[in-house]
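Participant: Sending over a structure as structure tokens; questions will come in a sec.
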Amino acid sequence: MICTGNSLRRSTLMQTTNRHATQSLRSDTTLIPDIAPSNTVSFRGDGEPKTPSTMLQSLAEFDQKFTLKEDAYSLGGTVEQLEKKCAEMLGKEAAVFMPTGTLANHLAIRKLCGVKPRAIVQEQSHLYNDSGDCVTRLSNINLIPLAKGGPYFTLETLKAAVEQAESGRVINPVGAVMVESPVRRQLGKIMPFDEMKAVTDYCRVKQIGSHLDGARLYIMSGATGIPPADYAALFDTVYVSLYKYFGAPFGAILVGTAEFMDGLYHDRRMFGGGLASANFAAALALQGIDGFEERFNRAMTRARTLFDKINALESISVEPFEHGSNIFPLKLESDIDGTRFVEVLKEHSVSVSPPEGDHARRIMLTVNPTLLRQDIQDLFCAFERAIKESQQCPLV
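Using this note's numbering, read the sequence shown as starting at 1146 and increasing by one per residue.
Here it is, written out as structure tokens:
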């Protein structure tokens, strides 16, 4: 399809508007050089870009509409409102605010294990790779990594690990199984729902606690069409990030039964997580949660339509990963200058990560609600023009 008429005129007008906007913002963006005009579609990150200014504005809007309510070291006030909201959304009895996902995962596994000294995780999980062995060093629980180099383990793999733990000369039973999905280190790939159900059903039979590191649970839900509460129902406890896409500056929520959550704030404070004035993060999360599912689902639908149109062009393709979520690899043919391709997209208010891989031929596109800022035809025209203007040897 050739972009002509109104679409090109809109695109040209957009470029002119962006140049003026950038000039007017220059004095305000010294500390945040990557700030973009409000019509920029950013294929980077799970949520809409946020800056100190936008967060302060959202906080003021929340206070004006609902009134911020103080908390006492993360207890009560707006924090409690958030906890009740998240528990209800995910179909659980109770929730506890946590300052970080690392602490949410740690405390969930710590309590699920009880006196049992082992927990099973994915070898590629964030908790296993990026948390300083906190569960082992601080709670004396050894992590057993499964599915080396892959996004998820199967029921059969889990059974073998549990049986091995129970059959040694000194029994070291497994107290908890954690599933991270989507998996950040695996480009957002997920564990299929049926496999999750099989794993958690087995855990219940074996009286092993189950925990979902669902930092990006709402991203996974938007990709699969399975409601977040349906995923949460499989697990004893679930963690969801508040800052990755809900707009909070930090924070996490941990949900489960009322019995499990009762008194967990004591453990949170013991580990240094009883923050004062957490209501600011809670308020911004409440702002971002409102309508997020609908916006993200529309963004995913729009992205799939856009990628189908892009795949009709020469020298470029966008294909989903098997068991993928919101990250799509865009591949460029050898006649395309990847650096120039990115530059042209930027001129059309489309932001993507720099090319990577062999000969810089691959760009990871992360779908988020910023796709709703421009219509599909304008976005398609941006990619079409980027291909044309970055061809090193025009196709015959």
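The beta-carbon is built from N, C-alpha and C at its ideal position, and this holds for glycine as well. Only a predicted model underlies this, so the values are computations on that prediction, with no experimental measurement involved.
Within 10 Å of its beta-carbon, does GLY1433 have 16 or more other beta-carbons around it, so buried, or fewer, so exposed?
Facilitator: As a working mapping, residue 1433 is identified with position 288 in the sequence shown. GLY1433 is buried by the Cβ-count criterion.
Participant: Curious, which full-length alpha helix (DSSP H) runs of at least 4 residues does the region 1449–1518 contain?
Facilitator: Complete alpha helix (DSSP H) runs here, min 4: 1483–1492.
Participant: So, for LEU1387: in the same chain, excluding its five sequence neighbours on each side, which residues have a beta-carbon less than 7 Å away from its beta-carbon?
Facilitator: Locating residue 1387 in the sequence shown gives position 242, where the first residue counts as 1. Same-chain partners within the cutoff: ALA1393, GLY1396, ALA1397, ILE1398, ALA1426 and ALA1430.
Participant: Can you tell me whether DSSP reads PRO1243 as helix, strand or coil?
Facilitator: Along the sequence shown, one-based indexing puts residue 1243 at 98. In the sequence as displayed, the identity of residue 1243 is Met instead of Pro. The answer is strand: DSSP assigns MET1243 an E or B state.
Participant: With a CB to CB cut of under 6 Å and the five nearest residues on each side skipped, what residues in its chain are close to MET1341?
Facilitator: Numbered from 1 along the sequence shown, position 196 holds the residue referred to as residue 1341. So the list reads LEU1379, once near-sequence residues are dropped.
Participant: Under 8 Å, with one C-beta from each stretch per pair, do the region 1260–1270 and the region 1229–1236 reach the 3-pair mark?
Facilitator: Flag = no, the region 1260–1270 and the region 1229–1236 do not touch.
Participant: Contact check, ARG1447 vs LEU1516 under 8 Å by CB: the rounded distance?
Facilitator: In the sequence shown, counting from the first residue as 1, residue 1447 sits at position 302. In the sequence shown, counting from the first residue as 1, residue 1516 sits at position 371. Contact holds; Cβ gap of about 5 Å.
Participant: Measure the C-alpha to C-alpha separation of ASP1216 and PHE1416 and round it to an integer number of angstroms.
Facilitator: As a first step, residue 1216 must be located in the sequence shown, where it is residue number 71. As a first step, residue 1416 must be located in the sequence shown, where it is residue number 271. Approximately 19 Å between the Cα atoms of the pair.
Participant: My assumption, with CB atoms under 8 Å, is that ALA1421 sits in contact with TYR1218. Please give the rounded CB distance.
Facilitator: If you number the sequence shown from 1, residue 1421 lands on position 276. If you number the sequence shown from 1, residue 1218 lands on position 73. Yes, they are in contact, since the Cβ atoms of ALA1421 and TYR1218 sit about 6 Å apart, within 8 Å.
Participant: Considering just the uninterrupted stretch of the alpha helix (DSSP H) at GLN1432, what are its terminal residues?
Facilitator: As a position in the sequence shown, residue 1432 is number 287, starting the count at 1. Unbroken alpha helix (DSSP H) run through GLN1432: 1424–1434.
Participant: Along the chain, where does the alpha helix (DSSP H) containing ALA1397 start, and where does it finish?
Facilitator: Reading the sequence shown from its first residue, position 252 is the one you call residue 1397. It is not in any alpha helix (DSSP H) - ALA1397 instead sits in the beta strand (DSSP E) that spans 1397–1401.
Participant: Spatial neighbours of THR1299 within its chain, please: CB distance less than 7 Å, with the 5 preceding and 5 following residues excluded, ordered by chain position.
Facilitator: For this step, residue 1299 is matched to residue 154 along the sequence shown. Within the same chain, THR1299 has close Cβ partners GLU1340.
Participant: What are the complete beta strand (DSSP E) segments, minimum 3 residues, inside the region 1263–1299?
Facilitator: For the region 1263–1299, whole beta strand (DSSP E) runs of length 3 or above, ordered along the chain, are 1263–1267 and 1287–1291.
Participant: Hey, quick one: how far does the alpha helix (DSSP H) through TYR1376 stretch, first residue to last?
Facilitator: Position 231 of the sequence shown, counted from the start, is the residue given in the question as residue 1376. Per DSSP, TYR1376 belongs to the alpha helix (DSSP H) from 1373–1377.
Participant: Spell out the partners DSSP gives ASP1339 in its beta bridges.
Facilitator: For the purposes of this step, residue 1339 is identified with residue 194 of the sequence shown, where counting begins at 1. For ASP1339, which the question treats as bridged, DSSP gives no partner whatsoever.
Participant: Under a three-way DSSP split, which group does ASP1523 fall into?
Facilitator: On the sequence shown, residue 1523 is found 378 positions in, with the first residue counted as 1. If DSSP states are grouped into helix, strand and coil, ASP1523 belongs with the helices.
Participant: Leaving out five residues on either side along the sequence, give the residues of the same chain with a beta carbon under 7 Å from the beta carbon of ALA1343.
Facilitator: The count along the sequence shown starts at 1 and reaches residue 1343 at position 198. Here the set comprises LEU1300.
Participant: Rounded to the nearest angstrom, how far is the Cβ of PHE1473 from that of LYS1334, given a contact under 8 Å?
Facilitator: Within the sequence shown, the letter at position 328 stands for residue 1473. Within the sequence shown, the letter at position 189 stands for residue 1334. Wrong, their Cβ atoms sit about 12 Å apart, outside the cutoff.
Participant: By the three-class DSSP mapping on this structure, what secondary structure does GLU1325 have?
Facilitator: Taking the sequence shown and counting its residues from 1, the one referred to as residue 1325 is at position 180. Note: GLU1325 maps to strand in three-state DSSP.
Participant: Any heavy atom of the ligand NAP within a distance shorter than 7 Å of the CB on PRO1262?
Facilitator: For the ligand NAP, the structure offers nothing, since it holds no ligand at all.
Participant: Based on Cα-Cα distance, which residue from GLU1439, SER1270 and TYR1273 lies nearest to PRO1372?
Facilitator: What you label residue 1372 is simply residue 227 of the sequence shown in a count that begins at 1. Measuring from the Cα of PRO1372, the nearest candidate turns out to be GLU1439.
Participant: Assess, as a yes-or-no matter, whether the region 1290–1298 is touched by the region 1347–1359 under the definition of 3 or more beta carbon pairs within less than 8 Å.
Facilitator: They do not touch, by the three-pair rule.
Participant: What does a CB cutoff of less than 7 Å around VAL1489 pick up in its chain, not counting 5 residues either side in sequence?
Facilitator: Residue mapping note: residue 1489 aligns to position 344 of the sequence shown, counting from 1. Correct list, in chain order: ARG1530, ALA1531, GLU1534 and SER1535.
Participant: So, GLY1483 versus ARG1506, is the Cβ gap smaller than 8 Å?
Facilitator: On the sequence shown, position 338 is the one that residue 1483 refers to. On the sequence shown, position 361 is the one that residue 1506 refers to. Taking 8 Å as the Cβ cut-off, GLY1483 and ARG1506 qualify as a contacting pair.
Participant: Return yes when the Cβ of SER1270 is within less than 8 Å of the Cβ of GLU1311, no when it is not.
Facilitator: Position 166 of the sequence shown, counted from the first residue, corresponds to residue 1311. Position 125 of the sequence shown, counted from the first residue, corresponds to residue 1270. In this structure, SER1270 does not lie closer than 8 Å to GLU1311 by Cβ.
Participant: By Cβ distance, which residues of its chain are closer than 8 Å to LEU1291, with the 5 residues on each side in sequence left out?
Facilitator: Looking up residue 1291 in the sequence shown gives position 146. ILE1265, VAL1266, GLN1267, GLU1268, PHE1298, THR1302, LEU1303 and ALA1306, listed in sequence order.
Participant: For SER1198, does the three-state DSSP call read helix, strand or coil?
Facilitator: By one-based count along the sequence shown, residue 1198 stands at place 53. It is helical.
Participant: Assuming THR1402 and ALA1253 form a contact by the criterion Cβ under 8 Å, report the distance between their Cβ atoms to the nearest whole angstrom.
Facilitator: Indexing the sequence shown from 1 puts residue 1402 at position 257. Indexing the sequence shown from 1 puts residue 1253 at position 108. Contact flag wrong, Cβ pair sits at about 12 Å.
Participant: Rounding to the nearest angstrom, what Cα-Cα distance links ILE1353 and ALA1321 in this structure?
Facilitator: By one-based count along the sequence shown, residue 1353 stands at place 208. By one-based count along the sequence shown, residue 1321 stands at place 176. Near 5 Å, if we compare the C-alpha coordinates of ALA1321 and ILE1353.
Participant: Go ahead and pull the three-state DSSP assignment for TYR1347.
Facilitator: Residue mapping note: residue 1347 aligns to position 202 of the sequence shown, counting from 1. In this structure, TYR1347 counts as helix in the three-state DSSP scheme.
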